[in-house]
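Asker:
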Amino acid sequence: MSTSTGAAAGYRPERTLRLGVELRRQFKRRRTIGVLALMAALPLILIGALQLGGAEEAEENSRVNLVDVATASGLNLTLFVLFATTGFFLVVVFALFFGDTVASEASWGSLRYALATPVPRSRLLRQKWLAALVLSVGAMVLLVLVAVVAGGIAYGFGDVQTPLGVALEQRTALVRLAGMVGYLAVHLLVVGTLAFWLSTVTDAPLAAVGGAVFTTVVFAVLEQVEQLGGIRDWFPTAFNYAWTDLLQSQFDSGDLFRGVVQGLAWSALFTALAFRQFARKDVTS
Numbered sequence: 001m002s003t004s005t006g007a008a009a010g011y012r013p014e015r016t017l018r019l020g021v022e023l024r025r026q027f028k029r030r031r032t033i034g035v036l037a038l039m040a041a042l043p044l045i046l047i048g049a050l051q052l053g054g055a056e057e058a059e060e061n062s063r064v065n066l067v068d069v070a071t072a073s074g075l076n077l078t079l080f081v082l083f084a085t086t087g088f089f090l091v092v093v094f095a096l097f098f099g100d101t102v103a104s105e106a107s108w109g110s111l112r113y114a115l116a117t118p119v120p121r122s123r124l125l126r127q128k129w130l131a132a133l134v135l136s137v138g139a140m141v142l143l144v145l146v147a148v149v150a151g152g153i154a155y156g157f158g159d160v161q162t163p164l165g166v167a168l169e170q171r172t173a174l175v176r177l178a179g180m181v182g183y184l185a186v187h188l189l190v191v192g193t194l195a196f197w198l199s200t201v202t203d204a205p206l207a208a209v210g211g212a213v214f215t216t217v218v219f220a221v222l223e224q225v226e227q228l229g230g231i232r233d234w235f236p237t238a239f240n241y242a243w244t245d246l247l248q249s250q251f252d253s254g255d256l257f258r259g260v261v262q263g264l265a266w267s268a269l270f271t272a273l274a275f276r277q278f279a280r281k282d283v284t285s
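1 is the number of the first residue of the sequence shown in UniProt numbering; add one for each residue after it.
Have a look at this one:
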C-alpha cells in the first residue's frame, strides 16, 4: 500500500474507467442503438415523404420554400434535414444522451459500484460527459452523412440552391456544411449540459431529459415575446438558426460568433454546476 496516499500499489486514477470502456458500455444500450437507427432512417423517411408529395403539387406552388429546394440536390436535402431537426429532434437527442448517462445508473444502483472500483468522482463524471458528447455529435454526423449519400442518390450530387436563389458550388457547400454541423454541436451542447446537470440532481432519467427539453421549449417560446427586447439575445436558445447565415454567398459572422461564445459560456456553467452537484451527491444509499 502506498505510504503517501493510502492507495494500493500500482493504482493510477487516470487509468480507471477509460473512455473506450464507457463508450462500449453506452453503445450496448438499447437507447443508443435506437437513436442511431432513427438518425439513419430519418433522411430516408423524408425522401419518401417528398416523393409521396408528388411533383405536380410542387409545381403548383410558385413560391420557393425549403421543401421545393430540398429536392434540388443531395446537399439541399441535407440542409433541409438539419433545418427540420434543429428545433426539437436534435434537442431531444442531445438531452437524451447527456441526461440519461448519470441518472440512469444512479437509479439502477450501479453508480456506487463504479465509484467503489475506485474511480474518482471527477473522472467518472468527465468520462460520462465525454461519452455523451461523442454519442450526441456522432448521431448528428450520422444524420448528415446519410442525408448527403441518400439525397445524392435520389436527387444527384449537384450544387446547393438556397431559398433566396443563391447557388453555392459543391465544394464550398461542403465546407459550409461542416461549419453548420460544428456550430450546431456547440449550440446543442447547451441543452446537453443542462440535461447533464439535471442528471446529477435527480435519479430519474426522464426528469433530467424532460426537464432539459421543457426548459429549451420555454425559452424558445419566450423568444417570440418581442416585449422582452434585447434580453432574448441572452437566452440559451438564442441564435438557434444562426447557422443558416452560412447559406449566403457573403455572410455576416456576427451572429455565428456570438452564438458560439454564448453556447460555450452556458455549457461551461451547466457543466460546472454538474461537477459541483456530483461532488456532494450521496450515491452510496
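All C-beta atoms in this analysis are idealised placements derived from N, C-alpha and C, irrespective of residue type, glycine included.
Do you know offhand how far residue 256's Cα is from residue 47's?
Answerer: Cα to Cα, residue 256 sits roughly 29 Å from residue 47.
Asker: Of the choices 156, 129, 229, whose alpha-carbon is the least far from that of residue 103?
Answerer: Answer by Cα proximity: 129.
Asker: Measure from the alpha carbon of residue 305 to the alpha carbon of each residue in 232, 77, 100, 75, then state which is nearest.
Answerer: With the chain covering only 1 through 285, there is no way to say anything about residue 305.
Asker: Apart from the five residues just before and just after residue 88, which ones in its own chain have a Cβ nearer than 7 Å to its Cβ?
Answerer: Correct list: empty, nothing qualifies.
Asker: Anyone know if the C-beta pair for residue 69 and residue 43 falls short of 7 Å?
Answerer: Result no, Cβ atoms of residue 69 and residue 43 do not sit closer than 7 Å.
Asker: How about the segment 32-39 and the segment 134-141: do they share at least three Cβ pairs that are nearer than 8 Å?
Answerer: The segment 32-39, when compared against the segment 134-141, does touch it at the 8 Å Cβ threshold.
Asker: Within 10 Å of its beta-carbon, does residue 41 have 16 or more other beta-carbons around it, so buried, or fewer, so exposed?
Answerer: Exposed, since its Cβ has fewer than 16 Cβ neighbours within 10 Å.
Asker: Leaving aside the five residues before and after residue 107 along the sequence, list all residues of the same chain whose C-beta is less than 6 Å from its C-beta, in chain order.
Answerer: Hits under 6 Å: 203.
Asker: I'd like the ranges of any alpha helix (DSSP H) spanning at least 4 consecutive residues and lying wholly in the segment 13-39.
Answerer: If we require 4 residues or more, the alpha helix (DSSP H) runs fully inside the segment 13-39 come out as 19-27.
Asker: If you scan the segment 193-249 from start to end, which runs of the alpha helix (DSSP H) of 4 or more residues do you find wholly inside it?
Answerer: Segments of the alpha helix (DSSP H) lying fully in the segment 193-249: 205-222.
Asker: If you follow the alpha helix (DSSP H) that residue 263 is in, where does it begin and where does it stop?
Answerer: Where residue 263 is concerned, the enclosing alpha helix (DSSP H) stretches over 254-280.
Asker: Label residue 234 either buried or exposed according to how many other C-beta atoms from any shown protein chain fall within 10 Å of its C-beta, with 16 as the threshold for buried.
Answerer: Residue 234 comes out exposed.
Asker: Please say whether residue 97 and residue 147 have beta carbons closer to each other than 7 Å?
Answerer: Contact flag unset, no.
Asker: List the DSSP bridge partners of residue 160.
Answerer: Note: residue 160 sits in a beta bridge opposite 168.
Asker: Buried or exposed for residue 238, going by 16 or more other Cβ atoms inside 10 Å?
Answerer: It is buried - the Cβ of residue 238 has at least 16 other Cβ atoms within 10 Å.
Asker: What is the C-beta distance between residue 212 and residue 191, in whole angstroms, given that I count them as a contact (C-beta under 8 Å)?
Answerer: Going by Cβ atoms, the distance from residue 212 to residue 191 rounds to 6 Å, so yes, they are a contact pair.
Asker: Mind checking residue 173: buried by the 16 CB within 10 Å criterion, or exposed?
Answerer: Answer is buried; the Cβ neighbour count reaches 16.
Asker: If I measure Cβ to Cβ from residue 277 and keep anything under 8 Å in the same chain, skipping five residues before and after, which residues do I get?
Answerer: Only 197, 200, 201 meet the Cβ criterion.
Asker: What did DSSP end up calling residue 72 once you bin it into helix, strand or coil?
Answerer: In this structure, residue 72 counts as coil in the three-state DSSP scheme.
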